[in-house]
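Asks: Its first residue numbered 1, the sequence shown is counted upward by one per residue in the working numbering.
Where a beta carbon is used, it is the ideal one built from N, C-alpha and C, also for glycine.
Got a structure for you, written out below as structure tokens; questions coming shortly.
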Amino acid sequence: IDHEPYEAEGDVEIFESGAILMYLADKHNQFIPKDTAGRANVLQWLFWQMANLGPMGGQNHHFVTYLDEPIEYAVNRYVNEVSRLYAVLDHQLTDNEYICGDYSIADMASYPWVVPHKRQLQKIENFPNLRCWFETVRSRPATERAYEVAKRINPNPTQMSDEEKKILFGQDASTLQRLRKDN
């Protein structure tokens, strides 16, 4: 919720990380080009992350990290798909320090999905441009500050209690129906 919106009266409520990044970039006039072609390039890579790297990375984490009994087909499927997506990003970074040339919301959205490359069973050294980009983004002061906060909030991100697993993995449509009744 933005209590100080830049073009609206009253609070602005936004959900979905890509929409939040777009809103903040526009509000603060940063991390997204003003020109139409540059903006479209950043947005296509932001949407690529939202439709590809994020969901496939999430499935990878689920099947590789969180299952008590791994399912070989699922592990292979998502490890291979994340590898393919890393290759796409590695190619894009061939002539770019950042995904779209300058640091942008596309980098902000994609970076967290490369951080757990070891848990995703990826060998980042196989993707030299991606590795260079990863190190560059990781060394940004704002990134360092953000990940220090994250460590304090969740020092063991791969360890979940049974109750936490039940909350994260045990929801369906009835969960939303119960929430609506409670409000």
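Does DSSP put glycine 170 in a helix, a strand or coil?
Replies: Coil, per DSSP.
Asks: Suppose you measure from the CA of leucine 21 to the CA of phenylalanine 134; what does that come to, to the nearest Å?
Replies: Approximately 19 Å between the Cα atoms of the pair.
Asks: Return the first residue and the last residue of the alpha helix (DSSP H) that threonine 192 is part of.
Replies: For the chain, the structure presents residues 1 to 183; residue 192 sits outside this window and is missing.
Asks: Count Cβ pairs between the segment 16-31 and the segment 45-56 that sit closer than 8 Å; are there 3 or more?
Replies: The answer is yes - the segment 45-56 touches the segment 16-31, with three or more Cβ pairs under 8 Å.
Asks: Does the structure place the segment 67-75 close enough to the segment 102-118 that three or more beta carbon pairs sit under 8 Å?
Replies: These segments do not touch.
Asks: Closest to aspartate 68 by CA distance: which of Lys181, Phe169 and Asp182 is it?
Replies: Selected option, being the one with the closest Cα: Phe169.
Asks: Nearest to aspartate 90 by CA position, among Ile124, Phe47, Tyr103 and Arg152, is which residue?
Replies: Minimum Cα distance to aspartate 90 is reached at Ile124.
Asks: Provide the residue span of the alpha helix (DSSP H) that contains tryptophan 113, from first to last.
Replies: Premise fails: tryptophan 113 is in no alpha helix (DSSP H) and is neither H nor E.
Asks: Determine, using beta carbons only, whether threonine 158 and threonine 94 come nearer to each other than 7 Å.
Replies: Result no, Cβ atoms of threonine 158 and threonine 94 do not sit closer than 7 Å.
Asks: For a test of the three-state rule: what should DSSP assign to tyrosine 66, helix, strand or coil?
Replies: Three-state result, tyrosine 66: helix.
Asks: How close, in whole Å, do the beta carbons of valine 42 and isoleucine 105 come, if the pair is a contact with beta carbons under 8 Å?
Replies: About 6 Å separates the two Cβ atoms, so the contact holds.
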